[in-house]
Amino acid sequence: MENLAKPQIICHNQKSLDYAIHDVKWIPCSAKFVAIGGKSNGAGIVETYQLSADGIEKLDEFCKKDHFKCCTFEASSLRNRHLATGDFSGRLQLWDLEDTLTPVYKTTVHTAVINSIDGVAGQSANCGAPEIVTGSRDGCVMVWDVRQKDIPVAKFTPLEGQAGRDCWCVAFGNSYNDTERIVAAGYDNGDVKLFDLKTMSVRWTKCLKNGIVDLQFDRKDIPMNKLVATTLESKFFCFDVRTQHPKKGFAHLIENAHASTIWQVKHLPQNREIFMTTGGGGSLCLWKYTYPPKRVEKDSEGIQYGIMGELHQIQNSGLSDQPITAFDWCVDKLGLAVCSAYDQTLRVLITTKLNLC
Amino acid sequence: MSTIEDLQNIEEYQQNVYINHARGESLMEKYGIPIQHYEFDYVAKAKDAEELEKMTLVLRSGQEGYFPDLLRAIEDKLQRLKPESKLLKYSTPVLRKQDLLQNDRNEINQDLRQWVTDMSKNSRELDKRKTNKIQCDVKIRQTELQHKPVTVTTPKSTTRIASTDFQAWDRYDPDAELLKQELEEEKMKIEAKKAEKASEKLRKEAEQFVYAGTSSQSCFVMAGLDRKPKKSVSFNQHSTETEAAYLSDRELEKGREFYVAGDYELALKCFTQSILSKPQVININNRALTHLKLGHFKEALEDTNKVLALDEGNLKANLRKAQALEGLKEYENALIQVERVIKTDPDNDIAQELASKLRKVCKNTFQSKNTKMRVFDVI
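Top to bottom, those sequences are chains A and B.
At position 76 of the first sequence the residue is numbered 76 (the UniProt record's numbering), and the sequence of numbers has no breaks.
At position 77 of the second sequence the residue is numbered 77 (the UniProt record's numbering), and the sequence of numbers has no breaks.
In structure tokens, the structure reads:
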């Protein structure tokens, strides 16, 4: 009985490929997705797939010089749907998938591999200019506006003369009007930093003592609400970033899962309280956050501080025996997702009954 | 399980015992549960889920030996007492399509096929209108980053005075330091108050936005929140139907989340945005509900009327209209409205409750107005 009410993860289709897949993303407003990665001869590859009821078929592919590491569609409009990619040599490129000879936009400011990329405001209105943020091994986090050539619109660099820490993940958030915007960045030494783009300052920083593999706000275009950060050694942190206490900072809770590195955290686009984490053992965990009766309390001096709710694990499934390194929910269809693992296999997943929980 | 496997397990567990004894305290000693409790009769009668959880941990650790049946009994009991226990979460393999029942499989396939066709149509529409231009009225971010890059690592400024450094201690003035600390705390408080005010302002703005949205025509979109209702409007924001529907859906989802989390003002803003992109029964209905929650009965009534104009038989809208009328103290109209709902859906608890409440109120007002008239209950 219990099993019937619980969301089930179903592997709809899978396909083995002949290259290392680094990232997968749905093309918004379509039944297509892209897989990017690199071949054994060092070339980077982008492939487009079409989903049908019976399987997945390859539509298109193109190869470039360097391995592609990460990609996003979120900074371009629905009518353009340009793919922004970061590659192993530190180039940020923007591709028109129908004309891939030369990129629409490109920069070469980063000096090492771009580990992570995120976009904002491409498909939603009233939340500022479309921007792309990149985090790289050279320790820099840069924010780009495609209308401005060669120079980033914002740049967060390590102190001069110091070797920066490897930035593993970046994410946008708090972009609820034209001016406010925050970039969250996670580093290999366990630092999580929130950069405020409006005031150009470091808003908050905390060391979680373990490399931050991935982080994500529950939604980008609302006043920032929750932030989830996953770490190398089977722990992830969930912060309530609504209320910041000057001494205590943000309230948070820690959860143990996967018994290995947690590679990805991805919030369900249709419901921000539900998110999926993917593990190094090839497992998938689905979580649901419930708010406490009162989210904000006041301390003895009348200063507000946040209170955490609870996290419930609603599903724990084994999919592969290799780390699942990329995962993406489909924005247009509840429960549809695509993921890739180190076993060089693409999988299309369907999660049922998500509307019931 | 075969006997050989059992034997292997026992051996493994025994090895474990040695390892753990070397470390000292065993789990059983740590939890302090008496040995008498590790017994089927006790487990059958047990009521304390926490103790059972601990016993499960002890048995799973294998420090006391290998008792598969007892462990199973405890787990079964735990399942009954505390089904949400973390210890009972097992990893299940992802289902393959072949594992599903034929019916479910067909349903999923059907659903997916339909979705793929719809999506492909939308996608083609978007492709036709491809511009390759970036339309955005927000300016490019301006920062003087060339002069002053924000550094990621902040240098440590506070140096501790060594306990042997007497000269430094002589220079140290505790009163001044205390004062400094107090000032800092004061500053912190002010900052916190500021943040609090900012979040309140956000709510207010969200609410104001709604009024701006409802009063203006639906094709006008207020350009920015922080600007006062200046007539800086962008006309016909979405050139394709698909884009409008997409945005409308996204805002609807956002609104629902806010509603569930209890942020009604922000929910209202999202629903309004959604309606501005594309008016649909579902988003207007949701906004009506949010208006009700916030006590804006007039707006709620307007919204329900809009829904009913689109879809006359909409049960939720009818019920919400009744609630709005009740809020506006038009009890008779509310009663008529709610009875209409009950006629179509007699099992609706909210409607029944509202109806009985309204009947009472109506009776009272009736009696107070015309004391001489005899009142017959309307059934």
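Beta carbons: idealized from backbone N, C-alpha and C, even for Gly.
Test: residue i CB closer than 7 angstroms to a CB of chain B
i                : result
Gly282 (chain A) : no
Arg272 (chain A) : yes
Ile132 (chain A) : no
Ser52 (chain A)  : yes
Arg203 (chain A) : no
Asp60 (chain A)  : no
Gly38 (chain A)  : no
Cys29 (chain A)  : yes
Ala341 (chain A) : no
Tyr291 (chain A) : yes
Asp214 (chain A) : no
CB contact below 7 angstroms: residue i versus chain A
i                     : result
Ile190 (chain B)      : no
Arg72 (chain B)       : no
Pro149 (chain B)      : Any answer about Pro149 (chain B) is weak, because its pLDDT of 48 lies below 50 and its placement is not dependable; what the coordinates show is given next. By this cut-off, Pro149 (chain B) is an interface position.
Thr56 (chain B)       : no
Leu126 (chain B)      : yes
Arg113 (chain B)      : yes
Ala261 (chain B)      : yes
residue 383 (chain B) : Only positions 1 to 379 of chain B appear in this structure, which leaves residue 383 (chain B) out of reach.
Glu50 (chain B)       : no
Met119 (chain B)      : yes
Phe220 (chain B)      : Confidence is the limiting factor: at Phe220 (chain B) the pLDDT is only 37, short of 50, which leaves the residue's position unreliable, though a coordinate-based value still follows. No, its Cβ sits nowhere closer than 7 angstroms to a Cβ of chain A.
Ile4 (chain B)        : no
Asn106 (chain B)      : no
Asn283 (chain B)      : no
Ser123 (chain B)      : yes
Val233 (chain B)      : Summary for Val233 (chain B): the model assigns pLDDT 42, below 50, so the residue's position carries little reliability; its value from the coordinates is reported in the next sentence. Answer no: the Cβ-Cβ gap between Val233 (chain B) and chain A never drops below 7 angstroms.
Leu268 (chain B)      : no
Glu53 (chain B)       : no
Beta-carbon neighbours of residue i, restricted to chain B and to distances below 7 angstroms
i                : result
Glu301 (chain A) : Lys189
Ser124 (chain A) : Leu247 and Arg250
C-beta contact flag for residue i and residue j at 7 angstroms
i                : j                : result
Leu126 (chain B) : Cys29 (chain A)  : yes
Asp311 (chain B) : Val338 (chain B) : no
Trp168 (chain A) : Gly139 (chain A) : no
Ile324 (chain A) : Gly281 (chain A) : no
Arg203 (chain A) : Asp214 (chain A) : no
Thr352 (chain A) : Gln123 (chain A) : no
Lys220 (chain A) : Ser260 (chain A) : no
Ala46 (chain B)  : Leu52 (chain B)  : yes
Arg137 (chain A) : Ala112 (chain A) : yes
Ala355 (chain B) : Arg320 (chain B) : no
Phe68 (chain A)  : Ile27 (chain A)  : no
Asp321 (chain A) : Val24 (chain A)  : no
Contact set between residue i and chain A, taken where Cβ atoms lie within less than 9 angstroms
i                : result
Pro279 (chain B) : Under the 9 angstroms cutoff, chain A gives no residues; its nearest Cβ is about 16 angstroms from Pro279 (chain B).
Thr290 (chain B) : Per Cβ cutoff of 9 angstroms: no residues; Thr290 (chain B) is ~16 angstroms from chain A at best.
Thr131 (chain B) : Ser77, Arg79 and Asn80
Contacts of residue i in chain B (Cβ-Cβ under 9 angstroms)
i                : result
Cys207 (chain A) : Ordered by position in chain B, no residue passes the 9 angstroms Cβ test against Cys207 (chain A), which lies about 11 angstroms from the chain.
Cys11 (chain A)  : Val94, Leu95, Arg96 and Lys97
Asn316 (chain A) : Lys89, Tyr90, Ser91 and Thr92
Tyr49 (chain A)  : Under the 9 angstroms cutoff, chain B gives no residues; its nearest Cβ is about 12 angstroms from Tyr49 (chain A).
Leu319 (chain A) : Pro93 and Val94
Pro103 (chain A) : Near Pro103 (chain A) there are no residues of chain B at all, since even the closest Cβ is about 13 angstroms away, more than 9 angstroms.
Nearest-angstrom Cβ-Cβ length linking residue i and residue j, presumed shorter than 8 angstroms
i                : j                : result
Thr231 (chain A) : His258 (chain A) : Wrong, their Cβ atoms sit about 11 angstroms apart, outside the cutoff.
Phe239 (chain A) : Phe250 (chain A) : 5 angstroms
Ala84 (chain A)  : Ile132 (chain A) : 5 angstroms
Leu227 (chain A) : Phe217 (chain A) : 5 angstroms
Val120 (chain A) : Met142 (chain A) : Val120 (chain A) to Met142 (chain A), Cβ: 14 angstroms. No contact.
Ala53 (chain A)  : Val94 (chain B)  : Not confirmed; about 19 angstroms, so no contact.
Contact list for residue i against chain A, beta-carbon separation under 7 angstroms
i                     : result
Glu186 (chain B)      : Result: empty, since nearest Cβ-Cβ is about 10 angstroms, beyond 7 angstroms.
Asn109 (chain B)      : Ala53
Val116 (chain B)      : Ala31, Leu51, Ser52 and Ala53
residue 381 (chain B) : For chain B, the structure presents residues 1 to 379; residue 381 (chain B) sits outside this window and is missing.
Contact set between residue i and chain A, taken where Cβ atoms lie within less than 8 angstroms
i                : result
Arg359 (chain B) : Under the 8 angstroms cutoff, chain A gives no residues; its nearest Cβ is about 34 angstroms from Arg359 (chain B).
Thr272 (chain B) : What Thr272 (chain B) touches in chain A: nothing, since even the nearest Cβ is about 11 angstroms away.
Lys82 (chain B)  : Going along chain A, no residue has its Cβ under 8 angstroms from Lys82 (chain B), so there is no contact; the nearest lies around 13 angstroms.
Beta-carbon neighbours of residue i, restricted to chain E and to distances below 8 angstroms
i                : result
Thr242 (chain B) : Protein chains in the displayed structure are A and B, and chain E is not among them.
Proximal residues of chain B, C-beta to C-beta of residue i below 8 angstroms
i                : result
Gly249 (chain A) : Here the premise fails: no neighbours, minimum Cβ distance about 12 angstroms.
Gln8 (chain A)   : Leu95
Any contact between the segment 41 to 61 of chain A and the segment 72 to 79 of chain A? By contact I mean 3 or more CB pairs, one from each, below 8 angstroms.
no
Counting pairs of beta carbons, one from the segment 296 to 315 of chain A and one from the segment 261 to 271 of chain A, are three or more of them closer than 8 angstroms?
no
Would you call the segment 320 to 330 of chain B in contact with the segment 293 to 300 of chain B, where contact means no fewer than 3 C-beta pairs closer than 8 angstroms?
yes
Does the segment 241 to 248 of chain A come within contact of the segment 286 to 300 of chain A, defined as at least 3 CB pairs closer than 8 angstroms?
yes
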